[in-house]
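Report on the following structure.
In my numbering, the protein residues as written are 1 to 122.
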């Protein structure tokens, strides 16, 4: 087997501060996802937008967003505290599985803790 050759030519980079047009509606600076991201970040946690809304936006099929799914590094009790400060309503039906739901700005938001399958207890 031959050795791999060093890369030649210019390096390709992507400026992650530029939001692709297909995602702009989903990630508006004044939108709820950014408000939630700011609230979680201010509390010291990561929050990632995941699920069908991201898939649909990437495929150019985004219309009126009915629900958004997030994954977070926050534990369910931390998520509850953050969401209670900004949500219209919060529900905890899936808390034992690491999932907290909320209505923010009239749209359903669901947040699940990272690696919830590997955690013993929340």
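Ideal Cβ placement from N, Cα and C applies to all residues, glycine included.
(message) Classify residue 49: buried if its beta carbon has 16 or more other beta carbons within 10 angstroms, exposed otherwise.
(response) buried
(message) For the structure I just gave you, are there three or more beta carbon pairs, one from the segment 49-59 and one from the segment 17-33, closer than 8 Å?
(response) yes
(request) Pull up the distance between the alpha-carbon of residue 20 and that of residue 97, whole angstroms please. (result) 33 Å
(request) Have a look at residue 18 and residue 92 and give me their C-alpha separation to the nearest angstrom. (result) 35 Å
(message) Whole angstroms are fine: how far does the CA of residue 22 sit from the CA of residue 109?
(response) 20 Å
(request) Throw me the rounded Cβ distance for the residue 74 and residue 82 pair, which I believe falls under 8 Å. (result) 7 Å
(request) Work out the CA separation of residue 79 and residue 44 for me, nearest whole Å. (result) Computed Cα separation, rounded: 11 Å.
(message) Please list the terminal residues of the continuous beta strand (DSSP E) segment that includes residue 100.
(response) 99-104
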